[in-house]
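The structure appears right after this line, and notes come after that.
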Amino acid sequence: MAARKTQKKPNVSAEELKRYYRDMLLIRRFEEKAGQLYGMGLIGGFCHLYIGQEAVVVGLEAAAEEGDKRITTYRDHGHMLACGMKPEGVMAELTGREGGYSHGKGGSMHMFSKEKDFYGGHGIVGANVPLGAGLAFADKYRGTDRVTFTYFGDGAANQGQVYETFNMAALWDLPVVFVIENNQYAMGTSQERSTSSPEIHTRGGAFGIPGEAVDGMDVLAVKAAGDKAVAHCRSGKGPYILEVKTYRYRGHSMSDPAKYRTREEVQKMRDEKDAIEHVRELLLSGKHATEDDLKAIDKEIKGIVNDAAEFAKDSSEPDEAELWTDIYAAEVPQDA
Amino acid sequence: MPTEILMPALSPTMEEGTLAKWLVKEGDTVSAGDLLAEIETDKATMEFEAADEGTIGKILIEAGTEGVKVNTPIAVLLEEGEDASDIDSAKPAPKADGDGDGDGDGDGDDDDDDDDDDDDTVESEQDGEAQKAPARAAAPEPAPEQEPDWPEDTPMKSTTVREALNAAIAEEMERDDDVFLMGEEVAEYEGAYKITQGLLDRFGARRVIDTPITEHGFAGIGVGAAFGGLKPIVEFMTFNFAMQAIDQIINSAAKTLYMSGGQMGAPMVFRGPNGAAARVGAQHSQCYAAWYAHIPGLKVAVPYSASDAKGLLKSAVRDPNPVIFLENEILYGKSFDVPDIDDFTLPFGKARIERAGDDVTIVSFGIGMTYAMEAAEKLAEDGISAEVINLRTLRPMDTDTVLASVRKTNRCVTVEEGWPVASIGNHISAVIMEQAFDHLDAPVINCTGKDVPMPYAANLEKLALTSVDEVLDAVRQVTYR
Chain A
2 MAARKTQKKP NVSAEELKRY YRDMLLIRRF EEKAGQLYGM GLIGGFCHLY
52 IGQEAVVVGL EAAAEEGDKR ITTYRDHGHM LACGMKPEGV MAELTGREGG
102 YSHGKGGSMH MFSKEKDFYG GHGIVGANVP LGAGLAFADK YRGTDRVTFT
152 YFGDGAANQG QVYETFNMAA LWDLPVVFVI ENNQYAMGTS QERSTSSPEI
202 HTRGGAFGIP GEAVDGMDVL AVKAAGDKAV AHCRSGKGPY ILEVKTYRYR
252 GHSMSDPAKY RTREEVQKMR DEKDAIEHVR ELLLSGKHAT EDDLKAIDKE
302 IKGIVNDAAE FAKDSSEPDE AELWTDIYAA EVPQDA
Chain B
16 MPTEILMPAL SPTMEEGTLA KWLVKEGDTV SAGDLLAEIE TDKATMEFEA
66 ADEGTIGKIL IEAGTEGVKV NTPIAVLLEE GEDASDIDSA KPAPKADGDG
116 DGDGDGDGDD DDDDDDDDDD TVESEQDGEA QKAPARAAAP EPAPEQEPDW
166 PEDTPMKSTT VREALNAAIA EEMERDDDVF LMGEEVAEYE GAYKITQGLL
216 DRFGARRVID TPITEHGFAG IGVGAAFGGL KPIVEFMTFN FAMQAIDQII
266 NSAAKTLYMS GGQMGAPMVF RGPNGAAARV GAQHSQCYAA WYAHIPGLKV
316 AVPYSASDAK GLLKSAVRDP NPVIFLENEI LYGKSFDVPD IDDFTLPFGK
366 ARIERAGDDV TIVSFGIGMT YAMEAAEKLA EDGISAEVIN LRTLRPMDTD
416 TVLASVRKTN RCVTVEEGWP VASIGNHISA VIMEQAFDHL DAPVINCTGK
466 DVPMPYAANL EKLALTSVDE VLDAVRQVTY R
C-alpha cells in the first residue's frame with residue numbers, strides 16, 4: 002500500500018470534492034443495502050461488493066469525459082453508479098426484476114448501459130480486457146479521441162489474454178487505460194501467494210506501455226493519475242497502465258468465509274485508510290463543508306438507496322416471455 | 016534410364032498448380048538440391064528442388080502453364096551417358112501428351128475441360144448433375160419443391176469457393192466502412208489460404224489488419240470492437256486455433272445481447288477453414304459444426320458450393336449477430352457456378368435441395384455434401400432416387416425442408432465429417448423422430464467421422480472420415496435394398 006500523500010491542499014474545487022464524497026458514499030450505502038438484500042434472499046447467486054474500493058472508480062470517472070467508455074469485471078456495482086447509471090435500475094437487476102438494466106436477465110455480474118457507455122459487467126476473469134481494447138479499437142478506427150477505461154483486478158492480471166491485449170494495444174496505439182484494481186486478494190489468494198512480482202504496473206514495460214502505481218484509497222491521487230493517463234491516451238500515444246492499490250473490506254463474494262486474512266488487518270485499513278473518511282476530513286478541515294452539510298448529503302444518499310431498494314423489491318419478475326427475447330438481434334433486410 | 020520429374024505436391028491439399036518459371040533449361044546439369052523451377056500453388060509460390068543429379072533432357076511443361084496436376088511429368092532427367100535420344104524410353108506419363116511440342120497444351124490447361132471423374136462429383140452444381148444423370152433414368156428426378164435461389168435465366172459464372180469468399184468480403188467492405196478484417200496473415204501475406212488476396216491493396220492497413228498469433232486476444236478485441244459498433248470479420252487461420260478463443264466467442268460474443276437485455280451485442284463474423292484438410296493430424300483436423308451449433312446467440316453457416324460461400328458470407332457480414340462461418344480447405348479450390356448478379360445474398364435458415372429424389376433423403380452440409388452428392392449419383396445408377404439436402408446453415412437450421420422431404424421419402428441418412436457423439440446427425444434424427452415418426456420406414460442412420468482423434472497415416476485418415484461407401488451402405492440399409 003502506497004503511503005497517503007495528502008493533507009496537502011486538494012487541487013480540485015470544493016464542489017468537486019463534495020461530489021466525490023457524495024458519489025463514494027452512494028456506492029458504499031448502496032453496497033451495504035445490497036448486502037442486506039442478499040441476506041434477506043432477495044438477491045441470489047454471486048454478489049461481489051465494492052465496499053472499500055470506492056475511490057478508484059470515483060477518481061477515474063472524474064478524469065473521464067462525455068463519450069469515454071468503461072468496462073469491468075464482475076465487481077461492477079460501483080462502476081455503474083459512478084458513471085451515472087440509475088441506482089434503482091442496478092438494484093432491480095440485482096434482485097432479478099423487470100426494472101433492472103437487463104430486465105433481470107443479466108444479474109449482478111452482467112449489466113450494461115449503452116446510454117452511459119458502460120460495456121459490462123463481465124463474469125469471466127480477464128475476458129473484459131481484450132473487449133476493452135476492442136472498444137478502444139473502434140474509437141480509433143472511427144477517428145475519435147475517446148478513451149476506454151478497462152478495469153480488472155490483481156487476480157485477472159495473471160491471465161494470459163491480458164498480455165495478448167497489452168501487446169496489441171501497444172502495437173496499434175489503442176486509446177485504453179488499463180486500470181488494475183489491486184485489492185491484494187484474488188478471491189482468497191493473497192497477492193504474495195499468486196503473483197511472482199508484486200509490481201504489476203511495471204508489467205507493461207515489456208510492451209512499451211507506461212505504468213504507475215497509485216494510492217487507491219486517495220480519490221485525489223486517483224483523479225490526478227487518471228488525468229495523466231487519459232491525456233496520454235487521448236493524444237494518440239497508446240495505452241497506459243494504472244495499478245491502483247486498494248482494499249476490499251468485505252469478502253470476495255457474499256459466500257466468502259474470509260479465512261485468508263485477519264479481522265485486524267481489515268479493521269486497520271478501515272480505521273487508517275478509508276477513502277470516504279479521508280475526503281470527509283478534507284472537507285471539514287478545509288472548511289469546504291460543515292457537519293450539517295455532510296449530514297444532509299448522508300440523508301440524501303440514504304433516501305436514494307432506500308428508494309432503489311424499494312423499487313427493486315416492488316418491480317415485478319420479468320414476464321415469462323422475456324425468456325425468449327434478446328437471443329438474436331432483429332434481422333436486417335437482405336437488400337438493405 | 017531417363018527419369019521423369021513429376022509435378023510436386025507442395026501443400027497438404029494441393030491438387031494442381033502453375034509452373035511459374037523454369038530455373039534450368041534443357042541441357043543443364045543439376046545436382047540434388049539445385050533449384051529447378053518455381054511452382055505457384057493456390058497458397059504461395061514455392062521453389063522446387065532436384066532430388067537427383069543428372070542433365071535436363073527435356074522440359075515437358077512450359078513455364079507459365081496453369082493447372083498442372085500433381086504427379087504430371089514436367090521434365091525428363093538424363094543420367095550420365097544418356098542423351099536426348101533416350102528420352103522415349105522414359106516411363107510414359109499416364110495422361111500427359113508427352114510430345115514436348117512446347118505449346119503448353121499438355122495436361123496443364125484442363126481447368127476448363129472436364130476434369131477426371133472424382134473431381135466432377137465435387138464440382139458440379141445441380142445443373143451439371145442433370146446432364147450427367149444416367150441414360151437409363153431408373154431413378155426419376157422430380158423438380159425440387161422449393162423456391163429457386165435465383166431466377167432461372169440468371170447468367171452463371173464458374174467460380175472457386177476461394178474466389179467467392181474473397182469477392183464476398185470485398186463487396187461487403189466496399190459497401191460498409193464499419194466492416195473490417197482482422198486475423199493472422201490476412202493482410203501482407205494475403206491469407207494463409209489466400210482467401211484475402213488483394214484486400215490489403217484495395218482497402219488499406221486500417222481495414223485489413225494482421226494480428227499477432229494470439230487468438231484469444233484478437234478474438235476478444237474483435238468482440239469489443241463489435242460492442243463499439245463496428246462489424247469485424249475475424250479470420251481464424253483454422254477453427255482448430257479458435258479453441259483458444261472459444262471463451263470470447265461464446266461467453267462474450269454469443270451471450271451479451273441476452274445479458275444486456277438487448278442493449279448491445281456483437282454483429283460480427285468469425286470465419287476460417289474447419290474440419291479435416293489432408294494429413295495434418297489430430298490437432299488440425301477437427302470439425303466444430305456441432306460445437307457451435309449448440310450455442311444460442313450464435314448463427315452457424317457451413318457453405319458447400321461457391322454460391323453458398325458468396326451468398327452466405329455476404330449475409331453473415333450484414334447479420335446483426337455473431338456468425339460462425341465454417342469453411343473447408345479442401346473445398347477452397349473447387350469450382351461451382353455462381354449466379355452473376357449484383358449483390359447476391361442467400362438467406363440463413365434455408366436449406367437447398369441440391370438434388371431431388373423420392374426414395375431416401377440424404378442430409379448434409381459443407382464438405383459432407385461431396386459424399387452425399389457422389390453417393391446419390393451412384394445410387395441413381397442402381398435405380399435408387401436420393402434427395403440430397405444441403406443445410407447451408409446449422410443455426411438456424413431449416414428442419415422444415417428436411418421434414419417435408421422425409422415425409423415424402425420415409426427414409427433418412429445424414430452425412431458429416433465430425434464425430435458421432437452429439438453430432439448434427441444426432442440432432443436431425445431427434446427432430447425427425449419427434450415430428451415425423453409415423454412417416455419413417457426405417458431408423459435414421461448417421462454417417463459421421465469415427466470416434467477417434469484424427470490419425471496421420473493416409474490409410475487411417477481415410478478410415479477415420481466418413482466415405483461414399485458408408486453413405487451407400489446406409490442408404491441400402493434404410494431402403495432395405
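Chains A and B supply the protein sequences, listed in that same order.
Using our numbering, you'd call the opening residue of the first sequence number 2 and step up by one each time.
Using our numbering, you'd call the opening residue of the second sequence number 16 and step up by one each time.
We treat Cβ as the ideally placed atom computed from N, Cα and C, and that holds for glycine.
Residue i versus residue j: straight-line alpha-carbon distance, rounded
i, j, result
"residue 179 of chain B", "residue 194 of chain B", "18 Å"
"residue 46 of chain A", "residue 277 of chain A", "29 Å"
"residue 293 of chain B", "residue 345 of chain B", "8 Å"
"residue 300 of chain A", "residue 252 of chain A", "27 Å"
"residue 15 of chain A", "residue 284 of chain A", "7 Å"
"residue 144 of chain A", "residue 221 of chain B", "11 Å"
"residue 55 of chain B", "residue 204 of chain B", "14 Å"
"residue 497 of chain B", "residue 477 of chain B", "The displayed coordinates of chain B run from 16 to 496. Any statement about residue 497 of chain B would go beyond what the structure contains."
"residue 80 of chain B", "residue 31 of chain B", "11 Å"
"residue 302 of chain B", "residue 341 of chain B", "9 Å"
"residue 272 of chain B", "residue 363 of chain B", "19 Å"
"residue 479 of chain B", "residue 343 of chain B", "17 Å"
"residue 337 of chain B", "residue 307 of chain B", "11 Å"
"residue 473 of chain B", "residue 85 of chain B", "17 Å"
"residue 280 of chain B", "residue 268 of chain B", "7 Å"
"residue 14 of chain B", "residue 42 of chain A", "One cannot answer for residue 14 of chain B here, as it falls past the ends of chain B, which runs 16 to 496."
"residue 65 of chain A", "residue 224 of chain A", "9 Å"
"residue 87 of chain B", "residue 434 of chain B", "36 Å"
"residue 188 of chain A", "residue 454 of chain B", "57 Å"
Contact under 9 Å by Cβ, residue i with residue j
i, j, result
"residue 44 of chain B", "residue 71 of chain B", "yes"
"residue 463 of chain B", "residue 431 of chain B", "yes"
"residue 315 of chain B", "residue 283 of chain B", "no"
"residue 402 of chain B", "residue 429 of chain B", "no"
"residue 44 of chain A", "residue 114 of chain A", "no"
"residue 180 of chain A", "residue 243 of chain A", "yes"
"residue 18 of chain B", "residue 91 of chain B", "yes"
"residue 245 of chain A", "residue 31 of chain A", "no"
"residue 247 of chain A", "residue 217 of chain A", "yes"
"residue 119 of chain A", "residue 170 of chain A", "no"
"residue 85 of chain A", "residue 51 of chain A", "no"
"residue 239 of chain B", "residue 132 of chain A", "yes"
"residue 52 of chain B", "residue 38 of chain B", "yes"
"residue 296 of chain B", "residue 16 of chain B", "no"
"residue 354 of chain B", "residue 165 of chain B", "yes"
"residue 351 of chain B", "residue 176 of chain B", "yes"
Closest Cα partner of residue i within the set the options
i, options, result
"residue 420 of chain B", "B:327, B:388, B:368, B:35", "B:368"
"residue 413 of chain B", "B:365, B:434, B:454, B:444", "B:365"
"residue 171 of chain B", "B:66, B:322, B:186, B:335", "B:322"
"residue 14 of chain B", "B:63, B:228, B:244, B:273", "The question about residue 14 of chain B has no answer here: the residues shown for chain B are numbered 16 through 496."
"residue 102 of chain A", "A:329, A:309, A:54", "A:309"
"residue 461 of chain B", "B:446, B:455, B:439", "B:439"
"residue 340 of chain A", "A:34, A:146, A:297, A:326", "The structure shown does not extend to residue 340 of chain A, since chain A spans only 2 to 337, so no value can be given for it."
"residue 63 of chain A", "A:228, A:273, A:184", "A:228"
"residue 155 of chain A", "A:141, A:130, A:183", "A:183"
"residue 69 of chain A", "A:35, A:138, A:55", "A:138"
"residue 69 of chain B", "B:61, B:97, B:415, B:88", "B:97"
"residue 1 of chain A", "A:176, A:128, A:250", "Residue 1 of chain A is absent from the model: chain A starts at 2 and stops at 337."
Decide yes or no for the touch test of the region 121 to 132 of chain A against the region 68 to 77 of chain A: beta carbon pairs closer than 8 Å, at least 3 of them. yes
Check distances from the C-beta atoms of the region 236 to 267 of chain B to those of chain A and list, in chain order, the residues that come in under 7 Å. Listed in chain order, the positions of the region 236 to 267 of chain B with a beta carbon within less than 7 Å of a beta carbon of chain A are 236, 237, 238, 239, 240, 242, 243, 244, 245, 262, 263, 266, 267.
Any residues in the region 169 to 183 of chain A with a beta carbon nearer than 9 Å to a beta carbon of chain B? Which ones, in chain order? 169, 170, 172, 173, 175
Check whether the region 24 to 40 of chain B and the region 304 to 322 of chain A are in contact - that is, three or more C-beta pairs closer than 8 Å. The answer is no - the region 304 to 322 of chain A does not touch the region 24 to 40 of chain B, with fewer than three Cβ pairs under 8 Å.
Note down, in chain order, all residues in the region 310 to 323 of chain B with a beta-carbon under 7 Å from any beta-carbon belonging to chain A. 311, 312
For the region 207 to 234 of chain B, enumerate the residues whose C-beta is nearer than 9 Å to any C-beta of chain A, in chain order. From the region 207 to 234 of chain B, only 221, 222, 224, 226, 227, 229, 230, 231, 232, 233, 234 have a Cβ closer than 9 Å to chain A.
By the 8 Å beta-carbon criterion, what residues does the region 329 to 342 of chain B contribute toward chain A? 330, 333, 334, 335, 336
Residues within the region 271 to 286 of chain B neighbouring chain A, beta-carbon criterion of under 9 Å: 271, 272, 273, 274, 275, 276, 277, 278, 279, 280, 282
Counting pairs of Cβ atoms below 8 Å between the region 84 to 103 of chain A and the region 284 to 293 of chain A, do you hit three or more? no
Under 8 Å (Cβ pairs) to chain A, residues found in the region 174 to 196 of chain B: 195
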